[in-house]
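Encoded as structure tokens, the structure appears first; notes follow it.
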Amino acid sequence: MKLTREDIAHIATLSRLSFDDKELDKFTKQMGEIIDMANQLQAVDTEGVPATTQVVDRDTVFREDQPEKWQTRSEMMQNVPDSSNGFIKVPVIIDKDDND
Amino acid sequence: MNFKSTIGLEVHFELKTKSKIFSPSPVTYGADPNTATNVIDWGYPGVLPMVNKDVYRLGIMVALATHAHILPQTHFDRKNYFYPDNPKAYQITQFFQPLARDGYVEVEVHGKKKRIGIHEMHIEEDAGKNTHGTNGFSYVDLNRQGVPLLEVVSEPDMSDPDEAYAYLEKLRKIVQFTGASDVKMEEGSMRVDTNISIRPAGQEKLGTKVEMKNLNSFEHVRQSLAYEEKRQQQVLLSGGRVQMSTRRFDENTGKTYLERVKEGASDYRYFPEPDIPPYKIKQSWVDEIAKTLPESPMDRRKRYIDEYGLKPVDADVLLQTKESSDFFDSTVKAGGDPVLAANWLNTQVNGYLNDHRLELADVKLTPEHLAAMIKLIKDGTISSKIAKKVFAETIANGTDPKQYVEAKGMVQLSDVSVLGPMVTKVVDDNPQSVEDFKNGKDRAIGYLVGQIMKQTRGKANPKLVNKLLNEELNKR
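Printed below as a string of structure tokens:
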């Protein structure tokens, strides 16, 4: 699979990043190299091996429905760049598929 | 040209758990911002989400109640998107192997029964809440982040807005009676997105669909769909093309407005969630849950009408909420006459709740007390007039009706040896009334009953007084 400059621009938009032309060229090349590296896995013969989404040998691990208080608000807010009245303050972004 | 509409609905229900889907953060409504959330909800490095067992249990209840096929193996996937309402930058959902598929709900519209298919239902996490300020900033509260949701996706089986409305009503009622969700549109525990496309009659291929999100009442769903039907027809009739898009319904104008042209599903770059193992759902667990499934509203309605002899309209009022239906059932179980219990609940109790803006759970009235009061009415211990006083006391203060009636000496006077002489005297004292009675004025007797009631402070058995007065007057 060959990554194009348009792919990188598209992914950047989805990730709310903006790149100039120079950066786009650079990342197209770098991302392409990463994909190429991962593509080496295609060389493995997987004939007869069933597809899986999991590599751990366990399933159906449930937690009981018991509420617990872990962090306080001030603890949670320690890594928040900006806050106001207990809310996290962020630049307005309205364009989204939201379910509010 | 005639057009056909194709409507599909996606409904999100908040599942009623005490803790979140992947973390033990408490689920709250109306708590101070960011006080009910933790490092798992925020996707901090090194945390491990663990699935709340009750989320599956409640989801399975809804699947059973809608005749859906529960998948023996399910797993979670990541839906990637960047938005401040979710600091993880992905939502954990079930995309490839959902909880259940192929269910249905039966509705009755325009006098016809119709089955609306449920394509699938899956469990997922809710996102936080953004409040957009006017100063270029948004304010994020992550208390809702990680609250469990069940998304029920219908088949595109509805062909007009009335069918969509009927489907929503029925689905809400079914889910409500499982007890899995509060299903309150106004609190966001039920949320509706719609899809609608139209095509010329006779054309096989479906038209381009338009999506509308976050409609906040069933009536808005109906209005927005009706508006879209007309708008899309006009577009097609004028030679235009319907654009695949998301539109917003404005409740003030009753119109829909273009919000944005839709992204493709692949932009979410779904992939299996690596932090959470797959979930195998054993039939034995499903059977266990099925045993705890409360009786459906459809079965209750049948029982109320066929077994208890309630009028359909009274049954429907009781069935408006699970709480009132459960209260009624408990009252009958405690020995209350079903017809009287329905009448009291639908008139006096509902009236009280409306006047005081309360819910059934907020008042001190118990089914046992209501049943006890109904028994006192039925065996003639108290008159229905006295019953209203007893009711007022019981619902306001939780007083035992029997004890109250005895303590206050409210027991109805049904003793002929006491009432007989009173009746004779009142007739003797009111010759005018006797004359009026003889002249066919029925109201005369009412006046005399009133006199007896006054003398007995409302305790006389009105039926008996009526009977005795009639006998006495006919003798004169």
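Chains A and B are the protein sequences, given in the same order.
Heads up, the first sequence is in our numbering, so the first residue is 1 and it goes up one at a time.
Heads up, the second sequence is in our numbering, so the first residue is 1001 and it goes up one at a time.
For each residue, glycine too, the CB sits at the ideal point set by N, CA and C.
For the region 1122 to 1206 of chain B, the continuous beta strand (DSSP E) assignments of 3+ residues that do not extend past its boundaries occur at 1129 to 1132, 1137 to 1141, 1148 to 1154 and 1190 to 1200, in sequence order. Residue pairing for B/F1013: DSSP places it in a beta bridge opposite B/L1150 and B/M1190.
Counting the other Cβ atoms within 10 Å of the Cβ of B/M1061 gives 16 or more, which makes it buried. Taking 8 Å as the cut-off, the beta carbon of B/Q1348 is found no closer than this to the beta carbon of B/T1381. For B/D1077, the beta-bridge partners assigned by DSSP are B/T1093 and B/P1272. For the pair B/L1353 and B/L1360, the Cα-to-Cα distance works out to about 7 Å. Inclusion of B/I1445 and B/L1469 in the CB contact set at 8 Å is warranted, their separation being smaller than that value. For B/D1141, same chain residues with a beta-carbon under 7 Å away, outside a window of 5 residues either side, are P1033, N1034, G1128 and K1129 in chain order. Around the beta carbon of B/L1318, 16 or more other beta carbons sit within 10 angstroms, so the residue counts as buried. Using a 10 angstroms sphere on the CB of A/M76, the tally of other CB atoms reaches 16 or more, which defines it as buried.
Close CB contacts of B/R1172 within its chain, under the 7 Å cut and outside five residues either way in sequence, are with V1183 and M1190 (chain order).
Considering only B/E1014, B/V1039 and B/A1063, the residue with the shortest C-alpha distance to B/I1289 is B/A1063. For B/T1381, there is no enclosing beta strand (DSSP E), as DSSP marks it with neither H nor E. When secondary structure is reduced to three states using DSSP, B/R1115 falls in the strand class. Here B/E1295 is exposed. Its C-beta has fewer than 16 other C-beta atoms within 10 Å. Note that the C-beta distance between B/M1422 and B/I1386 is not below 8 Å. Listed in chain order, the alpha helix (DSSP H) elements of length 4 or more contained wholly in the region 1332 to 1408 of chain B are 1338 to 1343, 1350 to 1356, 1367 to 1378, 1384 to 1397 and 1401 to 1407.
For B/K1016, no CB of chain A lies under 8 Å from its own CB, so it is not counted at the interface with that chain.
Counting C-beta pairs with one atom in each stretch, the region 1008 to 1024 of chain B and the region 58 to 73 of chain A have three or more that are closer than 8 Å, which means they touch. When the Cα atoms are used, B/V1147 and A/F87 turn out to be separated by approximately 18 Å. For the region 59 to 74 of chain A, the set of positions with a beta-carbon nearer than 9 Å to some beta-carbon of chain B reads D59, T60, V61, F62, R63, E64, D65, Q66, P67, E68, K69, W70, Q71, T72 and R73 in chain order. Contact annotation: in the region 12 to 27 of chain A, residues whose CB is within less than 7 Å of a CB in chain B are L14, S15 and R16. Less than 8 Å divides the Cβ of B/K1280 from the Cβ of B/Q1073. Here the region 1065 to 1072 of chain B lies against the region 1093 to 1107 of chain B, with 3 or more beta-carbon pairs under 8 Å apart.
Among the residues of the region 79 to 94 of chain A, those with a Cβ less than 7 Å away from any Cβ of chain B are S84, G86, F87, I88, K89, V90, P91, V92, I93 and I94, in the order of the chain. The Cβ neighbour count for B/A1407, taken over all protein chains shown within 10 Å, is under 16; the residue is labelled exposed. Contact between the region 1052 to 1060 of chain B and the region 1005 to 1017 of chain B is present, with at least three C-beta pairs closer than 8 Å. For B/K1282, same chain residues with a beta-carbon under 7 Å away, outside a window of 5 residues either side, do not exist. Per DSSP, the unbroken beta strand (DSSP E) holding B/D1102 starts and ends at A1100 to V1109. Counting only residues of its own chain and dropping the five nearest sequence neighbours on each side, B/Q1176 has a CB closer than 6 Å to the CB of V1183 and K1322. In this structure the region 1325 to 1336 of chain B lies against the region 1370 to 1377 of chain B, because at least three pairs of beta carbons, one per stretch, are closer than 8 Å.
In this structure, B/D1275 sits away from B/L1071, with a CB-CB distance that is not shorter than 8 Å.
Proximity of chain B to A/Q40 at the Cβ level (cut-off 7 Å) is not reached, the minimal Cβ distance being about 20 Å. For A/V49, there are no neighbours in chain B by C-beta distance under 7 Å, as the nearest C-beta there is about 16 Å away.
For B/E1259, the enclosing beta strand (DSSP E) begins and ends at K1255 to V1261. The shortest CA-to-CA distance from B/V1055 to any of B/N1086, B/V1011, B/K1112 and B/E1125 is the one to B/E1125.
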